[in-house]
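**Student:** Structure incoming, see below.
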Amino acid sequence: MYLTTRYITRNILTTAVFVSVVLLAIIWLTQSLRYLELIVNSNAPMSLFMKMIALSLPRFPEVIVPVAVVTSVLFTYNRMILDSELIVMRSAGISARRLALPAMIVSLAAVFVMMLFSTWLSPAARAAMQELKQVISAEYSTFLLKEGVFNPVGDNLMIYLRSRQRGGELQGLLIHDTRPENKTPVTITARRGVMITAEDEPAVIIYDGSRQQYDPETGSLSRLEFEEYTLEIKNFRAQIRQRWRDAEERNIKELLTLDYESDEMLAAHKREFMVEAHKRLIMPFSALAYTLAALSCLLTGSFNRRGQMRRILAAVGTVFVLQAGYLSLINLAKDDFWAVPALYIAVLLPSVLGWFILGDKGYTLLSRLQRKYRKPLSGRKNKGAAA
């Protein structure tokens, strides 16, 4: 590796890591506040809070890494222009492509990191996060029940409470149970109650109330007065294990190898799953596309030591347009599968064009275009002056 390539690569990589850490810290702070509220309301241990934070982190590199790489590339090359380092390198005969090589090395490393997260780490972390949230809802549901509203607990079970005491005792309970094992809906009212966990299954022990069950076939209403009654929420753990996992919770191998024909539920979500698979395969290469697009704006033409603000703004604008187009195509692909090939074009075409522009032929073509559009303007000015 050339000494200049190593020098620029080190600067870009250092800046990219710094920007990534800063952005990750900002996002981590905003997410931690949301999870902290859940932990505080449920009275769950702090260890669960730390686990939720750890599981949320793998989702962010997909968003952070491209931004960090492009930011570090623009910052590093602009600083080298201001310090006349790039001017000296170009005067020594170093081509634009060779100057762009360090940025490509860093962006390809970013592609590898993003591919690792998007295809494996991120879906695994998201699935674990959803299961953890359900576990918290089950084991600490007494604290998650809100006062004055109907709270769904598990499937086909609704609990209303008037107030909650400090010790966790529930006051003024109204429970509506429509689970299949009851055959007909059951309504329970009670003065007070508590929620417990027995054999890894949550249950509600209620006191001083009544249990009413209406049979629509006979038109009879049965009523049972009780001093103590236990309402079990069975198979809650099984519901967690058997819950439906959306596309974002499945790794790339699972998305591509699922037997969509044998399962009606999978068949209904086939397009969604396939779009998600293609998105994960092409999305990491956006770091390379954005980098080459930015470099094609920054490294072509002559350098100005007073600053490259116009070129930087052009690079930022180009990356913004590419990102907006990429996100629009993702939304279109959910309804029309033809947008999936357009996703590959939207990422690969800027990479090819950027690499071409950085070459000698691309530079010659740009120079001709600039001369072509500048001459009429200069001619008009001369005619105006002569008049």
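As numbered in our numbering, residues 656 to 1042 make up the sequence shown, in order. Virtual Cβ for every residue (Gly too), placed ideally from N, Cα, C.
(1) Which whole-angstrom value describes the C-beta separation of residue 774 and residue 907, a residue pair presumed to lie in contact below a C-beta threshold of 8 Å?
(2) Whole angstroms are fine: how far does the CA of residue 914 sit from the CA of residue 940?
(3) Just to confirm the assignment, what range does the beta strand (DSSP E) spanning residue 1055 have?
(4) With DSSP collapsed to three states, give me the class of residue 995.
(5) Which residues does DSSP list as the beta-bridge partners of residue 866?
(6) Indicate the three-state DSSP secondary structure (helix, strand or coil) for residue 986 in the structure shown.
(7) Rounded to whole angstroms, what's the CA-CA distance from residue 882 to residue 782? Just pull it up for me.
(8) Spell out a yes or no on whether the segment 707 to 715 and the segment 668 to 686 are touching, meaning 3 or more CB-CB pairs, one atom from each, closer than 8 Å.
(9) Counting pairs of beta carbons, one from the segment 758 to 776 and one from the segment 809 to 823, are three or more of them closer than 8 Å?
(10) Candidates 1023, 931 and 953: which alpha carbon is nearest residue 986's?
(11) Verify whether the separation of the beta carbon atoms of residue 811 and residue 842 is less than 8 Å.
(12) Going by other Cβ atoms of all chains shown within 10 Å of its Cβ, with 16 needed for buried, is residue 680 buried or exposed?
(13) How many Å lie between residue 724 and residue 936 at the Cα?
(14) Per DSSP, which one or two residues make a beta bridge with residue 655?
(15) Using the beta-carbon count (16 or more within 10 Å), is residue 951 buried or exposed?
(16) How many angstroms separate the CA atom of residue 1003 from the CA atom of residue 964?
(17) My guess is that residue 664 and residue 760 are in contact by the Cβ rule of under 8 Å, so how many angstroms apart are they, rounded?
(18) With burial defined as no fewer than 16 other Cβ atoms inside 10 Å of the residue's Cβ, what is the status of residue 727: buried or exposed?
(19) Please report the distance separating the alpha-carbon of residue 746 from that of residue 740.
(20) Kindly indicate which three-state DSSP category residue 800 falls into: helix, strand or coil?
(21) Using alpha carbons as the reference points, say which of 825, 786, 784 and 785 lies closest to residue 803.
(22) Can you tell me the Cβ-Cβ gap for residue 942 and residue 720, rounded? I've got them flagged as a contact below 8 Å.
(23) What are the boundary residues of the beta strand (DSSP E) that residue 928 is part of?
(24) Alpha carbon to alpha carbon, how far is residue 993 from residue 982?
(25) If you follow the beta strand (DSSP E) that residue 821 is part of, which residue opens it and which one closes it?
(26) Does DSSP classify residue 900 as helix, strand or coil?
(27) Can you give the Cα-Cα distance for residue 857 and residue 791, rounded to whole angstroms?
(28) Among all the DSSP beta bridges, which residues are the ones paired with residue 826?
(29) Under 8 Å, do residue 863 and residue 846 count as touching if we go by C-beta distance?
(30) Considering Cα atoms alone, identify which of 676, 703 and 933 is closest to residue 715.
(31) Less than 8 Å between the CB atoms is what I'm expecting for residue 905 and residue 778, so what's the real figure, rounded?
(32) Skipping 5 residues on each side, what residues in its chain have a beta carbon closer than 7 Å to that of residue 1017?
(33) So residue 772 is in the alpha helix (DSSP H); what residue range does that whole segment cover?
(34) Please report the straight-line C-alpha distance between residue 1023 and residue 672, rounded to a whole angstrom.
(35) State yes or no: is the C-beta of residue 808 within less than 8 Å of the C-beta of residue 888?
(36) Taking the alpha-carbon of residue 933 as reference, which of 946, 910, 968 and 737 has the nearest alpha-carbon?
**Tutor:** Judging by the given coordinates:
(1) Within the sequence shown, residue 774 is the residue found at index 119, counting from 1. Within the sequence shown, residue 907 is the residue found at index 252, counting from 1. Indeed, because the Cβ distance is near 4 Å, the residues count as touching under 8 Å.
(2) Your numbering for residue 940 matches position 285 in the sequence shown. Your numbering for residue 914 matches position 259 in the sequence shown. Taking the straight line from one Cα to the other gives about 28 Å.
(3) The question about residue 1055 has no answer, for the chain in this structure spans 656 to 1042.
(4) For the purposes of this step, residue 995 is taken as the residue at position 340 of the sequence shown. Correct three-state label for residue 995: helix.
(5) To locate residue 866, count along the sequence shown from 1; it is residue 211. Here residue 866 is bridged, per DSSP, to 843 and 879.
(6) As a working mapping, residue 986 is identified with position 331 in the sequence shown. Residue state, collapsed to three classes: helix.
(7) Against the sequence shown, residue 882 aligns to sequence position 227. Against the sequence shown, residue 782 aligns to sequence position 127. Computed Cα separation, rounded: 42 Å.
(8) yes
(9) Judged by Cβ distances under 8 Å, the segment 758 to 776 makes no contact with the segment 809 to 823, as fewer than three pairs qualify.
(10) Along the sequence shown, one-based indexing puts residue 986 at 331. When each option's Cα is compared against that of residue 986, the closest is 931.
(11) Counting from 1 along the sequence shown, the entry for residue 811 is found at position 156. Counting from 1 along the sequence shown, the entry for residue 842 is found at position 187. Here residue 811 is not near residue 842, since their CB atoms are 8 Å or more apart.
(12) As a first step, residue 680 must be located in the sequence shown, where it is residue number 25. So residue 680 ends up on the exposed side.
(13) Sequence index remark: in the sequence shown, residue 724 carries index 69 (1-based). Sequence index remark: in the sequence shown, residue 936 carries index 281 (1-based). Taking the straight line joining both Cα atoms gives about 19 Å.
(14) Nothing can be reported for residue 655: it is not among the residues displayed for the chain, which extend from 656 to 1042.
(15) Looking up residue 951 in the sequence shown gives position 296. Buried, by the Cβ-count rule.
(16) As a working note, residue 1003 is residue 348 in the sequence shown. As a working note, residue 964 is residue 309 in the sequence shown. If I take the Cα positions, the gap works out to 27 Å.
(17) Numbered from 1 along the sequence shown, position 9 holds the residue referred to as residue 664. Numbered from 1 along the sequence shown, position 105 holds the residue referred to as residue 760. Right, their Cβ atoms sit about 5 Å apart.
(18) Along the sequence shown, one-based indexing puts residue 727 at 72. Classification for residue 727: buried.
(19) Position 91 of the sequence shown, counted from the first residue, corresponds to residue 746. Position 85 of the sequence shown, counted from the first residue, corresponds to residue 740. Rounded to the nearest angstrom, the two C-alpha atoms are 10 Å apart.
(20) The sequence position of residue 800 within the sequence shown is 145, counting from 1. Of the three classes helix, strand and coil, the one that applies to residue 800 here is coil, per DSSP.
(21) Against the sequence shown, residue 803 aligns to sequence position 148. If we check each option's Cα against that of residue 803, 825 comes out closest.
(22) The residue given as residue 942 occupies position 287 in the sequence shown. The residue given as residue 720 occupies position 65 in the sequence shown. With a beta-carbon spacing of about 6 Å, residue 942 and residue 720 fall inside the 8 Å limit used to define contacts.
(23) Here residue 928 corresponds to residue number 273 of the sequence shown, with the count starting at 1. Unbroken run through residue 928 is the alpha helix (DSSP H), 925 to 937; no beta strand (DSSP E).
(24) As a first step, residue 993 is located in the sequence shown; it is residue number 338 there, counting from the start. As a first step, residue 982 is located in the sequence shown; it is residue number 327 there, counting from the start. Going by the C-alpha atoms only, they are around 15 Å apart.
(25) Numbered from 1 along the sequence shown, position 166 holds the residue referred to as residue 821. Per DSSP, residue 821 lies in no beta strand (DSSP E) and is assigned neither H nor E.
(26) Indexing the sequence shown from 1 puts residue 900 at position 245. Three-state DSSP puts residue 900 in coil, outside helix and strand.
(27) Numbered from its first residue, the sequence shown carries residue 857 at position 202. Numbered from its first residue, the sequence shown carries residue 791 at position 136. Their Cα atoms are separated by approximately 11 Å.
(28) Residue 826 sits at position 171 when you count from the first residue of the sequence shown. Paired residues: 818 and 847.
(29) In the sequence shown, the residue the question calls residue 863 occupies position 208. In the sequence shown, the residue the question calls residue 846 occupies position 191. Contact: yes.
(30) Within the sequence shown, numbered from 1, the residue matching residue 715 stands at position 60. Taking only the C-alpha atoms, the option nearest residue 715 is 676.
(31) Stepping through the sequence shown from its first residue, residue 905 is reached at position 250. Stepping through the sequence shown from its first residue, residue 778 is reached at position 123. Sure, about 6 Å apart at Cβ, within 8 Å.
(32) Working through the sequence shown from its first residue, we reach residue 1017 at position 362. For residue 1017, where only same-chain residues beyond five positions count, the Cβ hits under 7 Å are 1011.
(33) Within the sequence shown, the letter at position 117 stands for residue 772. Premise fails: residue 772 is in no alpha helix (DSSP H) and is neither H nor E.
(34) Along the sequence shown, read from residue 1 onward, the residue named residue 1023 stands at position 368. Along the sequence shown, read from residue 1 onward, the residue named residue 672 stands at position 17. Looking at the two C-alpha atoms, the distance is approximately 39 Å.
(35) As a working mapping, residue 808 is identified with position 153 in the sequence shown. As a working mapping, residue 888 is identified with position 233 in the sequence shown. Taking 8 Å as the Cβ cut-off, residue 808 and residue 888 qualify as a contacting pair.
(36) As a first step, residue 933 is located in the sequence shown; it is residue number 278 there, counting from the start. Of 946, 910, 968 and 737, the residue nearest in Cα terms is 910.
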